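Here the structure comes first, spelled out in structure tokens, and everything after it is commentary.
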């Protein structure tokens, strides 16, 4: 496997790099130290893939044994720490990075799950988990509620991207060929949701306002 | 395995459904969005079983590959989001659901561990971890201290339920037959602890009150 | 394996015991109940080793199946809860325990990874993860930002300790023989960092102070 750069590996690498950049930007905003930024970047970048591989029994995870994965997880944090002032609007940069990364990881997660022969439903779920896993770990580590649970329209695009890959593979098309359109669809829906302020449905209103 | 509903699977399914309902109720109280409720319900419901299966090497976990498990983890959140106002006293409903779920998962965890041939002590510990795992994940995700660490008499009933199953299997009785009494004992002790306000022992008093 | 106390097992046991004591002290400071202290001690003690073993596929982890590991994880919490007032300066005791434990676990993690034949870079990373894993879990469970991400000079000594073991094993020396100097180096650097108030480099200054 190491040495050959397949679609799977390429998606993983770009996803990890973008996730690591997003994690490092968050660390900078939370005024963490150098090593903290590096670690938070790495955990954010490889967190989703680690979770997926542990759940699928693909251990030790490639993200820990393949130097390309580790480089993709560490290098962005080094760059971000020095050059983030150049990113004039960090907030929107984080949002965009998050959206691209959500798309890449959702399809990469679904693709790997499908390749390992799990049922389609499991492939979709692992796609979603891989997509949001790194961000959830990042948010737990900076001690805030995961944005995926509180922000609107976050899980839905990850679900769409994973579905594209899984459906393509179920109906006999190439899951790998479906990865790029799946990732683009996911990222586009996420970006549109942010720009347009789309809001997901809420649970039925609570009768007792005092519990808020 | 899929197709045959054994005691193990039945306990898992009911436990997951009750846990998912408890998680979704928590999400509603924290005013999360629809997808957030769904995800928090799922994670709370299958979290304990996922942790157990990963630690035992039973991957990919049945909770991710068996459609019955996923249905049990997702359906309650859908119902809770629409009908929770009917539950007039949400707080006590959560407490009761938590107690039933603690009982079911503790014995289910201990049972699976024993079936896989781990030492008795490990079986008890995995029973406790399975019982409290989903709730701990839920609390970490809504960014509060896990109630299992701060509320009185929570781990103790899980320990009792697991012990019943493990002891029954060690002395040659059927662990599965001991599951129902074990779960009932655990739930009963937990409910009694809540109703009677039982309080566990505290560490020796701290001499320096300023650190509180 | 059980019955023979190798360097690996001995390092693990001492590391778990010290980690469990550190976790229990934290629980006492957060005014947790008896069972909470016990659980937080156990999770802090075995958390790093659990994470390492799950990532390496060494399941079920020895920390859950070997009675010596569980004893090392549970006994210190029992002692700490009764005798912690005797530790007149709890804060500095926690810091010292943390430093010793960081050293022991970093080298133990690197050693086990190297023995299982992972690449050197992975060995170093797993050493760091094992070293800081338990503390991160502890901090997540008491709902605060992990000190490893916010305090200065924490990851760096873990990196040093792991490097000593991995380099020794790569150049053909005995990794086990390098464990003690590696652990001492790590602990010494951590203690010096605390005493001297060493501070790690920060990311480039953020131009917008309003986001802090």
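Protein chains in written order, with the UniProt record's numbering: chain A, 1 to 212; chain B, 1 to 212; chain C, 1 to 212. Even glycine gets a Cβ: it sits at the ideal position worked out from N, Cα and C. It should be emphasised that the depicted structure is a prediction, and the values quoted were computed from it without experimental measurement.
_Taking CB distances under 8 Å as the criterion, tell me whether residue 193 (chain A) reaches chain B._
no
*Quick one: Cα of residue 174 (chain A) to Cα of residue 68 (chain B), how far?*
28 Å
*Would you say the segment 41-50 of chain B touches the segment 16-24 of chain B, given that touching needs at least three Cβ pairs under 8 Å?*
yes
*Quick one: which chain C residues come within Cβ less than 9 Å of residue 54 (chain B)?*
54 and 59
*If the cut is a Cβ gap below 7 Å, which residues of chain C does residue 201 (chain B) touch?*
34
_Quick check: is the beta carbon of residue 112 (chain B) nearer than 8 Å to any beta carbon in chain C?_
no
_Let me make sure I understand the geometry here. Which of A:76, A:45, A:78 and A:77 has the alpha-carbon closest to that of residue 63 (chain A)?_
A:45
*Rounded to whole angstroms, how far is the Cβ of residue 32 (chain B) from the Cβ of residue 149 (chain A), which I believe are closer than 8 Å?*
6 Å
_Straight-line Cα distance separating residue 180 (chain C) from residue 6 (chain A)_ = 42 Å
*asked:* Runs of 4 residues minimum, wholly inside the UniProt domain "Glycine transporter" (10-84) of chain A: which ones carry the alpha helix (DSSP H) assignment?
replied: 34-56, 62-65 and 67-83
*If you measure beta-carbon to beta-carbon, which residues of the segment 131-145 of chain C are closer than 9 Å to chain A?*
132, 136, 139, 140, 143, 144 and 145
*Of all the options A:82, A:156 and A:163, which has the alpha carbon lying nearest to the alpha carbon of residue 119 (chain A)?*
A:163
_residue 142 (chain C) (DSSP reduced to helix, strand or coil)_ = coil
*What residues of chain B sit near residue 119 (chain A), judged by a beta carbon separation below 8 Å?*
65 and 67
*Count the other CB atoms, across all protein chains shown, that sit within 10 Å of the CB of residue 101 (chain A); report buried if there are 16 or more and exposed otherwise.*
buried
*Mind pulling the chain E residues with CB within less than 9 Å of residue 156 (chain C)?*
The structure shown has no chain E; the protein chains it does contain are A, B and C.
*Could you give the DSSP three-state label for residue 208 (chain B): helix, strand or coil?*
Model confidence at residue 208 (chain B) stands at a pLDDT of 47, short of 50, so the residue's coordinates are unreliable; what they give is reported in the following sentence. Here residue 208 (chain B) sits in coil by DSSP.
*Going by other Cβ atoms of all chains shown within 10 Å of its Cβ, with 16 needed for buried, is residue 177 (chain C) buried or exposed?*
exposed
*Determine the closest residue to residue 115 (chain A) out of A:197, A:66, A:165 and A:36, with distance taken between C-alpha atoms.*
A:165
*Could you tell me whether the segment 55-62 of chain B touches the segment 50-58 of chain A, where touching means 3 or more Cβ pairs closer than 8 Å?*
yes
*Please state whether DSSP places residue 215 (chain A) in a helix, a strand or coil.*
In the structure as shown, chain A begins at 1 and stops at 212. Residue 215 (chain A) is therefore absent and cannot be evaluated.
*Considering residue 157 (chain A), what are the terminal residues of the alpha helix (DSSP H) in which it resides?*
155-170
*What residues in its chain sit with their C-beta under 6 Å from that of residue 130 (chain B), if we drop five residues either side in the sequence?*
48, 52, 105 and 109
*List the whole-angstrom C-beta distance separating residue 140 (chain B) from residue 147 (chain C), where the pair is believed to meet the contact cut-off of C-beta under 8 Å.*
Between residue 147 (chain C) and residue 140 (chain B) the Cβ distance is about 17 Å, and since that is not below 8 Å, they are no contact.
*Can you tell me whether residue 169 (chain A) is buried or exposed, with buried defined as 16 or more other CB within 10 angstroms of its CB?*
buried
*Same chain, Cβ closer than 8 Å to residue 17 (chain A), five either side skipped, listed in chain order*: 45, 72, 73, 75 and 76
_Quick check: what's the CA-CA separation for residue 155 (chain B) versus residue 35 (chain C)?_
7 Å
*Write down the C-beta distance between residue 189 (chain A) and residue 160 (chain A) rounded to the nearest angstrom, noting that I regard them as a contact closer than 8 Å.*
6 Å
*Considering only the beta carbon of each residue, do residue 158 (chain C) and residue 127 (chain C) sit closer than 8 Å?*
yes
*Cross-chain neighbours of residue 125 (chain C) in chain A, by beta carbon under 9 Å*: 42, 64 and 70
*So which residues on chain B does residue 213 (chain C) lean against when the C-beta distance must stay under 9 Å?*
Beyond the ends of chain C as shown, which are 1 and 212, falls residue 213 (chain C); an answer cannot be given.
_Range covered by the alpha helix (DSSP H) that runs through residue 149 (chain B)_ = 147-150
*Could you name the residues of the same chain whose beta carbon sits closer than 7 Å to that of residue 15 (chain B), not counting the 5 residues immediately before and after it, in chain order?*
101, 104, 105 and 108
*Under 7 Å between beta-carbons, which chain C residues line up against residue 149 (chain B)? List them in chain order, please.*
32, 36, 39, 40 and 141
*Run the CB neighbour count on residue 132 (chain C), radius 10 Å, all protein chains shown included, and call it buried at 16 or more, exposed below.*
buried
*Comparing alpha-carbon positions, which option in B:92, B:81, B:37 and B:135 lies nearest residue 195 (chain B)?*
B:92
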